[in-house]
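Taking it in order: structure first as structure tokens, then the write-up.
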Amino acid sequence: MDPVLHSESDVVVAGGGPAGLIAALAAARGGARTLLVEQYGFLGGMATVASVGPFSPFHYDDQQITVGIPQQLIDRLIAAGGSTGHLKCVPEYGSGSYMAYFDREIYKQVAFEMATEAGVRLLLHSFVADAIVENGAVRGLEVTNKSGRLALRSRLVVDATGDGDVAARAGAPFQWGRPGDELAQPMTMFFEMANVDTGRLKAYIDSTPDDFEWTSNLYPRQPLPPWLNQRYFVAQGFRRAVAEAKKKEGFDIGRDTVLLQSTMREGVIVFNSTRIGKLRGTDADQFTAAELEGRRQAMALADFAHRYLPGFENAYVSSTGAQVGVRESRHIIGEYLLQQEDVVEGRRFPDVVARGFFPVDIHDPTGSKGYTAGGSTWIKPKGPYDIPLRCLVPKGLDGLLLSGRNISASHAAHGSLRVQGTAFAIGHASGAAAAVAIRRGVEPRQLDAAEVQALLIEQEANLDLEGSNSARMAVP
Ligand SMILES: Cc1cc2nc3c(=O)[nH]c(=O)nc-3n(C[C@H](O)[C@H](O)[C@H](O)COP(=O)(O)OP(=O)(O)OC[C@H]3O[C@@H](n4cnc5c(N)ncnc54)[C@H](O)[C@@H]3O)c2cc1C
């Protein structure tokens with residue numbers, strides 16, 4: 000049976016994570032009739048689904064690179080009492096130069112408000128099962144939900160599923176993981192513990208630096224309201240306790256250190272510490288196995304924290320991710336594949352539509368080591384780098400724009416652009432590109448990059464273009 004026609008829009012955005020949310024806002028504000036489809040009952044992506052956070056920097060050193068609609072989201076969160084805003088991270092190693100804490104529940108509400116105000120139509124609890132492809136162009140999506148199988152027809156689709164689900168279903172070429180063995184970064188089940196004596200925990204961290212690979216403190220640039228005024232920190236280590244528990248009782252969380260940090264709420268600590276390697280988030284059986292292993296590790300780690308770590312004596316698990324967090328999956332091949340050298344050298348491109356800045360941060364796909372040891376990587380770029388429009392245009396397919404972490408980039412380049420600050424900026428770029436394509440009645444590969452840049456600048460993005468909005472070339 001054919002799917003039932005649900006709607007006809009200019010733009011359908013698949014996935015309501017940081018990229019999809021900002022893409023939908025940019026497209027709708029740019030005049031396109033926009034539908035945003037999400038499999039869960041709320042927006043925010045990994046931040047709200049998998050408890051990932053805080054927002055990694057919008058900054059390179061002290062220079063704020065991501066502005067525009069993503070910064071408006073932060074401002075709205077602050078106004079709603081749902082974010083600390085950008086806190087400076089000292090030292091930046093391990094975390095990046097700034098972080099912005101947020102409250103997941105307030106984020107979910109603010110995201111709804113912003114989408115509704117912009118005129119974005121939402122379709123929640125709807126899983127993108129297929130792409131509607133006509134004559135080599137994506138002209139909508141097929142979703143499954145409580146209503147059955149629905150067709151969402153559109154002129155353009157933005158793939159912000161993180162995994163490139165739309166592009167893959169439509170037949171776009173893609174790469175998996177790193178060259179050679181095709182392994183991707185490990186997955187992680189995030190969880191939080193409440194009722195932690197953070198004073199005791201912090202005192203231990205400060206008094207035993209040799210037990211840690213790194214620790215950072217975070218400082219506000221403006222005074223925080225009294226209810227948010229606490230010590231913010233991140234630490235990776237507790238090497239001695241982990242080694243002891245491994246030896247005594249076979250404790251196993253896939254890595255030999257614990258990475259934890261404060262949250263917006265005093266007494267609540269979040270763990271970014273479990274490690275599930277060698278499984279694919281796009282294979283249902285492997286994804287299921289990852290959930291089982293992620294939960295096993297999370298509960299084992301909570302029990303370990305309770306018994307071994309200072310300050311956790313009366314703590315309990317207060318939340319876990321609704322799903323295991325997937326760092327890396329398909330890299331859809333576009334008109335340009337962003338490379339590690341582009342990132343590390345801080346390269347500029349005439350058709351820049353977003354800018355990246357975060358270190359190449361690759362968690363070891365196979366081993367248990369921290370940030371630089373074993374197969375892990377942490378390389379700071381020489382400066383912010385450009386993400387060209389061509390990375391958003393899939394090879395050989397019309398009617399489709401890539402967004403967020405599934406844009407056209409190598410495993411190493413993805414290691415930098417995958418964080419939320421950049422995902423927001425890429426989302427902004429794809430939404431603006433979609434709006435211009437609709438206005439002009441052209442396919443993404445026919446876009447004049449200068450027009451996309453002009454709309455981005457009108458929407459307060461900073462592309463660091465000398466003097467004016469003008470790009471020097473269209474997408475080849
Ligand atoms: C374990 C882990 C730790 C991380 N730590 C940090 C950190 O500390 N700071 C930071 O800034 N970033 C961090 N990141 C990175 C960051 O969370 C992601 O890279 C970022 O969320 C990518 O944004 P996105 O919009 O591209 O994809 P996602 O956030 O994955 O959003 C994709 C959205 O699409 C929806 N979706 C997917 N498939 C379908 C489908 N078929 N049908 C319908 N909906 C679908 C999903 O439900 C989701 O809402 C971490 C990521 C992970 C996994």
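To convert, note that position 122 of the sequence shown is 121 in numbering that gives the first Met the number 0; the numbers rise steadily by one, no gaps.
We put the beta carbon where it would ideally sit given N, CA and C, even for glycine.
Here the structure is a predicted model, which is why all the values come from computation and not from measurement.
Contact test: residue i Cβ vs ligand 1 heavy atom, cutoff 7 angstroms
i: residue 52; result: yes
i: residue 0; result: no
i: residue 162; result: yes
i: residue 419; result: yes
i: residue 111; result: no
i: residue 422; result: yes
i: residue 383; result: no
i: residue 45; result: yes
i: residue 325; result: yes
i: residue 92; result: no
i: residue 36; result: yes
i: residue 14; result: yes
i: residue 39; result: yes
i: residue 23; result: no
i: residue 159; result: yes
i: residue 404; result: yes
i: residue 48; result: yes
i: residue 358; result: no
i: residue 19; result: yes
i: residue 11; result: no
Proximity of residue i and residue j at Cβ, strictly below 8 angstroms
i: residue 114; j: residue 431; result: no
i: residue 55; j: residue 189; result: no
i: residue 410; j: residue 178; result: yes
i: residue 229; j: residue 125; result: no
i: residue 425; j: residue 128; result: no
i: residue 317; j: residue 408; result: no
i: residue 274; j: residue 328; result: no
i: residue 423; j: residue 185; result: no
i: residue 59; j: residue 414; result: no
i: residue 122; j: residue 36; result: yes
i: residue 197; j: residue 268; result: yes
i: residue 416; j: residue 333; result: no
i: residue 376; j: residue 386; result: no
i: residue 405; j: residue 135; result: no
i: residue 342; j: residue 147; result: no
i: residue 356; j: residue 380; result: yes
i: residue 445; j: residue 464; result: no
i: residue 398; j: residue 442; result: yes
Per DSSP, the bridge partner or partners of residue i
i: residue 88; result: 217
i: residue 8; result: 153
i: residue 397; result: 136
i: residue 354; result: 385
i: residue 376; result: 361
i: residue 62; result: 59
i: residue 144; result: 147
i: residue 275; result: 186
i: residue 465; result: In DSSP, residue 465 forms no bridge with anything.
i: residue 235; result: 213 and 258
Any non-hydrogen atom of ligand 2 within 7 angstroms of residue i CB
i: residue 192; result: Ligand 2 is not part of this structure, which contains only ligand 1.
The beta strand (DSSP E) enclosing residue i, as first and last residue numbers
i: residue 385; result: 384 to 387
i: residue 150; result: 147 to 158
i: residue 362; result: Looking at the DSSP string, residue 362 is not in any beta strand (DSSP E), and its letter there is neither H nor E.
i: residue 338; result: Note, residue 338: premise wrong, no beta strand (DSSP E); not H, not E.
i: residue 36; result: 33 to 36
i: residue 259; result: 257 to 261
i: residue 120; result: 120 to 122
Run of the alpha helix (DSSP H) containing residue i, from where it starts to where it stops
i: residue 439; result: 419 to 439
i: residue 75; result: 68 to 78
i: residue 410; result: 410 to 416
i: residue 329; result: Element bounds for residue 329: not the alpha helix (DSSP H) but the beta strand (DSSP E), 329 to 331.
i: residue 174; result: Here residue 174 belongs to no alpha helix (DSSP H); instead the beta strand (DSSP E) covers 173 to 175.
i: residue 477; result: With the chain covering only 0 through 475, there is no way to say anything about residue 477.
i: residue 450; result: 448 to 457
i: residue 268; result: Element bounds for residue 268: not the alpha helix (DSSP H) but the beta strand (DSSP E), 268 to 270.
i: residue 292; result: 283 to 307
i: residue 168; result: 164 to 168
Check your understanding: Does the count of Cβ pairs from the segment 156 to 171 and the segment 11 to 20 closer than 8 angstroms reach three?
Key -> yes
Review point. Is the segment 32 to 44 touching the segment 57 to 69, taking contact as three or more C-beta pairs under 8 angstroms?
Key: no
Review point. Are the segment 203 to 223 and the segment 75 to 93 touching by the rule of at least three beta carbon pairs closer than 8 angstroms?
Key: yes
Check your understanding: Pairing CB atoms from the segment 432 to 440 with CB atoms from the segment 354 to 366, are three or more of them under 8 angstroms?
Key -> no
Check your understanding: Can you find at least 3 beta carbon pairs, one from the segment 315 to 329 and one from the segment 341 to 352, that sit closer than 8 angstroms?
Key -> no
Check your understanding: Is it a yes or a no for the segment 259 to 267 touching the segment 232 to 243, going by three-plus beta-carbon pairs under 8 angstroms?
Key -> Yes, since at least three Cβ pairs between the segment 259 to 267 and the segment 232 to 243 fall closer than 8 angstroms, the two stretches touch.
Review point. Would you call the segment 294 to 309 and the segment 127 to 144 in contact, with 3 or more CB pairs under 8 angstroms?
Key: no
Review point. Any contact of the segment 165 to 172 with the segment 305 to 314, i.e. 3+ C-beta pairs under 8 angstroms?
Key: no
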